[in-house]
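Here is the structure we will look at, set down as structure tokens.
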Amino acid sequence: MAKTKTTYTRKNVIGFINSNVDNEMKKADSFRLIELMQKWSGSEPKMWGPTIIGFGNYHYKYASGHEGDAPVLGFSPRKAAFSLYVYSDTERSKLLLNDLGKFKMGKACIYVKKLSDINISVLQELSIESIKYINEHHESSCRIKQTN
Numbered sequence: 003m004a005k006t007k008t009t010y011t012r013k014n015v016i017g018f019i020n021s022n023v024d025n026e027m028k029k030a031d032s033f034r035l036i037e038l039m040q041k042w043s044g045s046e047p048k049m050w051g052p053t054i055i056g057f058g059n060y061h062y063k064y065a066s067g068h069e070g071d072a073p074v075l076g077f078s079p080r081k082a083a084f085s086l087y088v089y090s091d092t093e094r095s096k097l098l099l100n101d102l103g104k105f106k107m108g109k110a111c112i113y114v115k116k117l118s119d120i121n122i123s124v125l126q127e128l129s130i131e132s133i134k135y136i137n138e139h140h141e142s143s144c145r146i147k148q149t150n
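In this text, residue positions in the sequence shown follow the numbering used here: the first is 3, and each later residue adds one.
So, in structure tokens, the structure goes:
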């Protein structure tokens with residue numbers, strides 16, 4: 003069975019952003035996402051694989067037998083767009099996407115060019131919905147906190 007590439011590493015998150023994100027707006031958006039996702043998840047940012055900044059962790063196991071660990075919330079500041087790992091396939095999440103703003107949807111993530119293209123309150127709701135889903139379906143380090 004193939005080894006999962008997205009595993010926790012001991013790389014420094016701030017060092018990763020400072021050395022790999024050359025666009026100043028994307029760098030500022032990265033630091034803002036760290037602030038927000040840390041608040042929403044109650045977890046410190048950690049590097050997962052070479053490019054994903056994740057918050058919290060959970061263990062998954064598929065019917066195929068493949069299993070592993072993944073961050074509860076996360077993002078990657080890629081050249082073309084941010085990859086946001088905040089989506090769980092629930093009815094509420096599908097409805098929330100209508101009000102998120104300008105984005106593209108991938109199989110497991112949401113792509114946004116910059117934070118000003120999206121509604122941060124909707125991103126928060128998507129993140130909380132994802133945390134809730136993961137808590138209900140997986141062993142998770144993350145518990146929902148009141149974020150008013």
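Beta carbons: idealized from backbone N, C-alpha and C, even for Gly.
The structure displayed is predicted, hence computed values, not measured ones.
Checklist entry - Helix, strand or coil: which one does DSSP assign to Tyr10? => result As a position in the sequence shown, residue 10 is number 8, starting the count at 1. Note: Tyr10 maps to strand in three-state DSSP.
Checklist entry - What's the C-alpha gap between Asn100 and Leu38? => result Walking along the sequence shown from the start, residue 100 turns up at place 98. Walking along the sequence shown from the start, residue 38 turns up at place 36. Spanning the two alpha carbons is a distance of roughly 21 angstroms.
Item to check | Nearest candidate by alpha-carbon position, reference Ser118, set Cys111, Lys63 and Phe84 | outcome: Taking the sequence shown and counting its residues from 1, the one referred to as residue 118 is at position 116. Comparing Cα-Cα distances from Ser118 to each of Cys111, Lys63 and Phe84, the minimum goes to Phe84.
Checklist entry - For Lys106, which residues of its own chain have a beta-carbon under 7 angstroms away from its beta-carbon, when the five flanking residues on both sides are left out? => result Locating residue 106 in the sequence shown gives position 104, counting from the first residue. So the list reads Tyr113, once near-sequence residues are dropped.
Checklist entry - Ordered along the chain, which non-local residues of its own chain (more than five positions away) have a Cβ less than 8 angstroms from that of Asn121? => result Translated into the one-based positions of the sequence shown, residue 121 becomes position 119. Excluding residues within five positions, the ones whose Cβ falls inside 8 angstroms are Asp101, Leu102 and Gly103.
Next on the checklist: Please identify the residue among Asp31, Val124, Tyr89 and Ser45 whose C-alpha is closest to the C-alpha of Lys115.
Outcome noted: Here residue 115 refers to the residue found at position 113 when the sequence shown is read from its first residue. Comparing Cα-Cα distances from Lys115 to each of Asp31, Val124, Tyr89 and Ser45, the minimum goes to Asp31.
Item to check | Sufficient close CB pairs (3 or more, under 8 angstroms) joining the stretch 64 to 82 to the stretch 90 to 97 | outcome: no
Checklist entry - So, helix, strand or coil for Leu102, using DSSP? => result As a first step, residue 102 is located in the sequence shown; it is residue number 100 there, counting from the start. The answer is coil: DSSP assigns Leu102 none of H, G, I, E or B.
Next on the checklist: Against chain C, with Cβ distances strictly below 8 angstroms, would Trp42 count as a contact?
Outcome noted: Absent from the structure is chain C; it holds one protein chain and no more.
Checklist entry - Residues in its own chain within less than 8 angstroms of Val15 by CB, not counting five upstream and five downstream? => result Stepping through the sequence shown from its first residue, residue 15 is reached at position 13. Excluding positions up to five away in sequence, the list reads Ile36, Pro47, Lys48, Met49 and Ile55.
Item to check | Where the alpha helix (DSSP H) through His68 begins and ends | outcome: What you label residue 68 is simply residue 66 of the sequence shown in a count that begins at 1. That residue, His68, is in no alpha helix (DSSP H); it is neither H nor E in DSSP.
Checklist entry - Mind checking Ala72: buried by the 16 CB within 10 Å criterion, or exposed? => result The residue labelled residue 72 in the question sits at position 70 within the sequence shown. Label assigned to Ala72: buried.
Item to check | C-alpha gap between Tyr87 and Phe77, whole angstroms | outcome: Working through the sequence shown from its first residue, we reach residue 87 at position 85. Working through the sequence shown from its first residue, we reach residue 77 at position 75. Rounded to the nearest angstrom, the two C-alpha atoms are 6 angstroms apart.
Next on the checklist: Tell me which residue opens and which closes the alpha helix (DSSP H) that Ser129 is part of.
Outcome noted: Taking the sequence shown and counting its residues from 1, one reaches residue 129 at position 127. From DSSP, the alpha helix (DSSP H) with Ser129 extends over Ile122 to His139.
Item to check | Alpha-carbon spacing of Asn25 relative to Cys111, whole angstroms | outcome: For the purposes of this step, residue 25 is identified with residue 23 of the sequence shown, where counting begins at 1. For the purposes of this step, residue 111 is identified with residue 109 of the sequence shown, where counting begins at 1. Each residue's Cα considered, the two are about 22 angstroms apart.
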